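Peer 1: Under the numbering used here, the residues of the sequence shown are numbered 22 to 287, in order. From the three backbone atoms N, C-alpha and C, an ideal C-beta is built for every residue, glycine too. All of these numbers come straight from a predicted model, not from anything done at the bench.
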Amino acid sequence: MKTRSEILFEKKPSNNLSVFITAGFPNKESLLEIIPLLENSDCDIIEIGIPFSDPLADGPVIQQSSAIALNNGMNLELLINQVKQVRPLISKPIILMGYLNSLLKFGIERFYESCHEAGVDGLIIPDLPLHEFKNEHELYIKKYNLDFIFLISPTTENKRALELAANSSGFLYLVSSNSTTGNINENKTDLSEKVMTLKNEGLKIPVLIGFGIKTSNDFTKVCKYANGAIIGSAFIQMIKNSNNLQKDIPQFIHNLKTKTHDHSIN
Numbered sequence: 022m023k024t025r026s027e028i029l030f031e032k033k034p035s036n037n038l039s040v041f042i043t044a045g046f047p048n049k050e051s052l053l054e055i056i057p058l059l060e061n062s063d064c065d066i067i068e069i070g071i072p073f074s075d076p077l078a079d080g081p082v083i084q085q086s087s088a089i090a091l092n093n094g095m096n097l098e099l100l101i102n103q104v105k106q107v108r109p110l111i112s113k114p115i116i117l118m119g120y121l122n123s124l125l126k127f128g129i130e131r132f133y134e135s136c137h138e139a140g141v142d143g144l145i146i147p148d149l150p151l152h153e154f155k156n157e158h159e160l161y162i163k164k165y166n167l168d169f170i171f172l173i174s175p176t177t178e179n180k181r182a183l184e185l186a187a188n189s190s191g192f193l194y195l196v197s198s199n200s201t202t203g204n205i206n207e208n209k210t211d212l213s214e215k216v217m218t219l220k221n222e223g224l225k226i227p228v229l230i231g232f233g234i235k236t237s238n239d240f241t242k243v244c245k246y247a248n249g250a251i252i253g254s255a256f257i258q259m260i261k262n263s264n265n266l267q268k269d270i271p272q273f274i275h276n277l278k279t280k281t282h283d284h285s286i287n
């Protein structure tokens, strides 16, 4: 059975926007409000971060949101229950991003089974090595019909990148930099060349660009060579500053996908 992400990219192969929000931020119940607002916005994929005490792959804005979420009492079981609660209202793919330790504490099969039952479509676990994925996780990914998305960077060797792509489903996540605070403008040449090279060598899976996407200009640039982009820090910063999420979330997404606007965070 095809996943929602696979169906999305078949119907809409370009200009896809995935929006990242940390569960439990800014408040413990915020996800129950934010997910439906994203469903009714012009975003395409909803990515939910599992709060973790030491999120090494994330920049300072997301790290701070994770710390606040943990302080609010958010945990993996509550997150899954909140997704399950709103899933009947949501048609868009929902992806969870978290770290391996959270999953191991929860229980490997229990985690994937719970995700399936809640209506989660895919997982991103940045610190899960490929060999460990194949030995201990791939079985459950297939059993519960979930996507698993690996990350690559511009410096990942092409052979390795294609191997990770071959073991990914849904899409491949290309980070814009090896750092946690990538500047998309500094790396746009490397990114476009990387995507083109991989496609020439047989890459078939859709590619989304993440880390450093802040403006509509960034989004427009990466969509020229990738299938879309992931925005996290800028969205979380907007959430933090917002006094009216019902107005600000759809407006933020609209501005990001409209080239005439250029709303960057400082």
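(1) Between which two residues does the beta strand (DSSP E) holding Val-196 run?
(2) Would a C-beta distance cut-off of 8 Å place Ile-67 and Leu-58 closer than the cut-off?
(3) Pick from Gly-249, Ser-74, Ser-123, Ser-26: whose alpha carbon is nearest that of Ser-213?
(4) Should the region 97-114 be called in touch with the region 44-55, which here means at least 3 C-beta pairs below 8 Å?
(5) For Lys-163 and Phe-171, what's the separation of their Cα atoms in angstroms?
(6) Which partner residues of Phe-169 appear in the DSSP bridge assignment?
(7) For Pro-150, which of Tyr-165, Ile-173, Ile-226 has the nearest alpha-carbon?
(8) So Ser-62 packs on Ile-270, CB below 8 Å; how close in whole Å?
(9) Would you mind reading off the limits of the beta strand (DSSP E) that contains Leu-38?
(10) Rounded to whole angstroms, what is the Cα-Cα separation between Lys-242 and Lys-278?
(11) When the Cα atoms are used, what is the spatial distance from Ile-122 to Asn-96?
(12) Could you give the residue range of the alpha helix (DSSP H) that holds Met-259?
(13) Measuring only the C-alpha atoms, how far is Val-141 from Glu-222?
(14) At which residues does the alpha helix (DSSP H) containing Glu-68 begin and terminate?
Peer 2: According to the structure shown:
(1) 193-196
(2) It is not a contact, given that the beta carbons lie outside the stated cut-off.
(3) Gly-249
(4) Short answer: they touch.
(5) 15 Å
(6) In the DSSP output, where bridge partners are listed per residue, Phe-169 has Leu-144.
(7) Ile-173
(8) 6 Å
(9) 37-43
(10) Here the alpha carbon of Lys-242 sits roughly 11 Å from the alpha carbon of Lys-278.
(11) Checking the sequence, you will find Asn at residue 122 rather than Ile. When rounded, the distance between both Cα atoms is 13 Å.
(12) 254-262
(13) 31 Å
(14) Where Glu-68 is concerned, there is no enclosing alpha helix (DSSP H), although the beta strand (DSSP E) it sits in stretches over 66-70.
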